[in-house]
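Take the sequence shown: its position 71, counted from the start at 1, is 71 in full-length UniProt numbering, and no numbers get skipped. Encoded as structure tokens, the structure appears first; notes follow it.
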Amino acid sequence: MVDAVCFPSQPRLYAMYRTKDKLYIVLEYTPGTTLGSLWPSLPENDKTSLLGQLRSIFADMRSLPSPGYYGSLTQRPVPHR
1 MVDAVCFPSQ PRLYAMYRTK DKLYIVLEYT PGTTLGSLWP SLPENDKTSL
51 LGQLRSIFAD MRSLPSPGYY GSLTQRPVPH R
């Protein structure tokens, strides 16, 4: 679904599952520096620009049609808390 929108360096979701009280999300590894570690050192204009880019990316993702079903292999919702 998300592949339909062109986002470079977007990690692919491989799996999502729960064991006992922990939820696991398995994503493709993407090398680089995290935004969280860079954020404190960024100038305000860069932060504003990044927030605008993220807002646009999330709006594009939300506009994609639903694939019909997303859940566990047993066709039930993924349990969460």
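Virtual Cβ for every residue (Gly too), placed ideally from N, Cα, C. For clarity, every value in this text was computed on a predicted model and none was experimentally measured.
Would you say residue 23 and residue 14 are within 8 Å of each other, going by their C-beta atoms? In the sequence shown, counting from the first residue as 1, residue 23 sits at position 23. In the sequence shown, counting from the first residue as 1, residue 14 sits at position 14. No.
Return helix, strand or coil for residue 64, following the three-state DSSP convention. For this step, residue 64 is matched to residue 64 along the sequence shown. Coil.
Contact belief for residue 30 with residue 11 at Cβ below 8 Å, rounded distance in angstroms: By one-based count along the sequence shown, residue 30 stands at place 30. By one-based count along the sequence shown, residue 11 stands at place 11. Distance from residue 30 to residue 11 at the Cβ level is roughly 5 Å; contact confirmed, criterion being Cβ atoms closer than 8 Å.
Per DSSP, which one or two residues make a beta bridge with residue 19? On the sequence shown, position 19 is the one that residue 19 refers to. Note: residue 19 sits in a beta bridge opposite 22.
Could you spell out where the alpha helix (DSSP H) holding residue 37 opens and where it closes? The sequence position of residue 37 within the sequence shown is 37, counting from 1. Taken as a continuous stretch (DSSP letters only), the alpha helix (DSSP H) holding residue 37 covers 35-38.
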